[in-house]
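Here is the structure we will look at, set down as structure tokens.
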Amino acid sequence: MTNEFISKPAVDSQENLEHTQAINKPNNLGFTHDGLKLALDLKEKYQSHQPLIVPDDDRKLLMPEHLLNIDIDLQSLEDPLPLAMVATRDPDSPMSVAAAVRMSTMPERTPLVSEVFGMLGETSKHPVVKQCVNLVTESAFNPKIIGKVHRNAKQFVALSRKRYTEALKENLRQLIDGSLNPRTFVAEFFELSEAGNLRVDIRKRLILGLLTSDTIRPSIKFLFLENLERLPASIRVEIINEAMNTPDKPSLEAIKQELAWIRLSLPPEQVN
Numbered sequence: 013m014t015n016e017f018i019s020k021p022a023v024d025s026q027e028n029l030e031h032t033q034a035i036n037k038p039n040n041l042g043f044t045h046d047g048l049k050l051a052l053d054l055k056e057k058y059q060s061h062q063p064l065i066v067p068d069d070d071r072k073l074l075m076p077e078h079l080l081n082i083d084i085d086l087q088s089l090e091d092p093l094p095l096a097m098v099a100t101r102d103p104d105s106p107m108s109v110a111a112a113v114r115m116s117t118m119p120e121r122t123p124l125v126s127e128v129f130g131m132l133g134e135t136s137k138h139p140v141v142k143q144c145v146n147l148v149t150e151s152a153f154n155p156k157i158i159g160k161v162h163r164n165a166k167q168f169v170a171l172s173r174k175r176y177t178e179a180l181k182e183n184l185r186q187l188i189d190g191s192l193n194p195r196t197f198v199a200e201f202f203e204l205s206e207a208g209n210l211r212v213d214i215r216k217r218l219i220l221g222l223l224t225s226d227t228i229r230p231s232i233k234f235l236f237l238e239n240l241e242r243l244p245a246s247i248r249v250e251i252i253n254e255a256m257n258t259p260d261k262p263s264l265e266a267i268k269q270e271l272a273w274i275r276l277s278l279p280p281e282q283v284n
């Protein structure tokens, strides 16, 4: 009786593992339980304007390049449901088209998955996604056409990032010469850096430079602080800590006080 009692947790553990594997195994429809859960999580992120993060790495923003690189294992993001959510909900065309292309390359494609893919062109607000979907579906998922669409998507992402980066530089020039409203500059900074999928380390460096600059007015710096939640939590903490560790000078006194208050309001697990 004692032996049975001791061995029971191991049996339960094995049963739980088998149950988890069973519900996450693609069914005849081509979807998984984890994929459905992630799709709902992504929907909430889009509604609350939170950044999308690479699975199991809270320091990395999800980029179009991650979706277009078929050699990267994106775990539950490989499921057609979260890919469809990104393709239809993402406000930025590079991310949307990258998700659509990733979905088109799925090796195990059920009739329902093919139908969902065909609907992306109707539900996405980006014309480039509709064009991508039409090319793939009209070719009956021809691998050569999918390969061509994949290559074109990579070029589209690179050109989009270049245009957005140039727009950021132009906005900074207009801010300095006084022809652009500070609030507009800050709003467009985040919109352009997100739409252009600017690497998170570059965003961090730019924001740090602006926060610690002697030529940028404090009012503009405070506007940036109001928008820090649009960055991953770990990057926010790094920006706060590094800005507070810069040498003290009168022009930074007010901003450092505000940063100290922000840091106090953060959950301990984020600060540490």
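The working numbering applies: residue 13 is where the sequence shown begins, and numbers increase by one. Don't be surprised by glycine CBs; every beta carbon is placed ideally from N, CA and C.
Measuring alpha carbon to alpha carbon, tell me which of the options ends up nearest residue i.
i, options, result
"Leu-52", "Leu-73, Asp-83, Pro-94, Ala-165", "Pro-94"
"Asp-83", "Leu-204, His-138, Met-118, Ser-126", "Met-118"
"Ala-152", "Leu-48, Glu-182, Arg-229, Pro-123", "Pro-123"
"Phe-168", "Asp-46, Asn-154, Asn-209", "Asn-209"
"Arg-211", "Lys-72, Met-115, His-45, Leu-192", "Lys-72"
"Glu-77", "Pro-106, Leu-132, Tyr-58", "Pro-106"
"Lys-137", "Glu-150, Ala-245, Arg-101", "Arg-101"
"Ile-65", "Lys-156, Met-256, Leu-243", "Leu-243"
"Pro-279", "Ala-111, Leu-192, Ser-246", "Ser-246"
"Asp-104", "Glu-90, Ala-207, Lys-156", "Ala-207"
"Ala-309", "Lys-261, Arg-229, Thr-224", "A question about residue 309 goes unanswered here, because the residues of the chain that appear run from 13 up to 284."
"Asn-120", "Thr-135, Leu-192, Glu-90, Glu-134", "Inspection of the sequence shows that residue 120 is occupied by Glu rather than by Asn. With distances taken between Cα atoms, Glu-120 lies closest to Glu-90."
"Ile-274", "Glu-150, Asn-257, Asp-189, Arg-248", "Arg-248"
"Gly-190", "His-45, Leu-276, Glu-127, Ile-228", "Ile-228"
For residue i, does the three-state DSSP call read helix, strand or coil?
i, result
"Ile-214", "helix"
"Leu-243", "coil"
"Leu-73", "strand"
"Ile-82", "coil"
"Ile-252", "helix"
"Lys-137", "coil"
"Ser-287", "Because the chain is modelled from 13 through 284, residue 287 falls outside the range shown and cannot be assessed."
"Pro-103", "coil"
"Arg-229", "coil"
"Arg-121", "coil"
"Leu-220", "helix"
"Lys-166", "helix"
"Thr-258", "coil"
"Phe-234", "helix"
"Thr-177", "helix"
"Leu-44", "For the sequence presented, residue 44 should be read as Thr rather than Leu. If DSSP states are grouped into helix, strand and coil, Thr-44 belongs with coil."
"Asp-91", "coil"
"Phe-153", "coil"
"Asn-193", "coil"
"Gly-208", "coil"
"Ser-116", "helix"
"Ser-126", "helix"
"Lys-60", "Inspection of the sequence shows that residue 60 is occupied by Ser rather than by Lys. Reduced to three states, the DSSP call for Ser-60 is coil."
Within 8 Å of any Cβ in chain B, is that where the Cβ of residue i sits?
i, result
"Pro-123", "Among the chains in the structure shown there is no chain B, since it carries only a single protein chain."
Check whether the Cβ of residue i lies closer than 7 Å to any heavy atom of the ligand NAD, and answer yes or no.
i, result
"Lys-156", "No copy of the ligand NAD appears in this structure; indeed no ligand is present at all."
Pull the bridge partners of residue i from the DSSP assignment, please.
i, result
"Ile-65", "Leu-73"
Please go through the same chain and pick out, in chain order, the residues whose beta-carbon is closer than 7 Å to the beta-carbon of residue i, but skip the five residues on each side of it.
i, result
"Glu-200", "Asn-183"
"Leu-86", "Pro-67, His-78"
"Asp-226", "Ser-263"
"Ile-219", "Phe-236, Ile-251"
"Pro-63", "Leu-73, Arg-242, Leu-243, Pro-244"
"Phe-234", "Glu-270"
"Ile-158", "Ser-116, Thr-117, Val-148"
"Lys-181", "none"
"Met-75", "Asn-209"
For a quick check, are the C-beta atoms of residue i and residue j less than 8 Å apart?
i, j, result
"Phe-129", "Val-141", "no"
"Val-161", "Leu-147", "yes"
"Val-113", "Leu-54", "no"
"Val-125", "Gly-42", "yes"
"Ser-88", "Leu-50", "yes"
"Ala-266", "Pro-230", "yes"
"Asn-253", "Phe-202", "no"
Report all residues from its chain with a CB closer than 6 Å to the CB of residue i; omit the five preceding and five following residues, and keep chain order.
i, result
"Val-109", "Val-140, Val-141, Cys-144, Ala-165"
"Met-115", "Pro-92, Leu-95, Phe-129"
"Ser-205", "Arg-215"
"Tyr-58", "Arg-101"
"Thr-258", "Thr-224"
"Lys-268", "Met-256"
Once you ignore the five residues that flank residue i on each side, which residues in its own chain have a CB closer than 8 Å to its CB?
i, result
"Ile-232", "Leu-187, Pro-194, Phe-197, Val-198, Leu-222"
"His-61", "Arg-242"
"Leu-80", "Ala-110, Val-113, Arg-114, His-162, Ala-165, Lys-166, Val-169"
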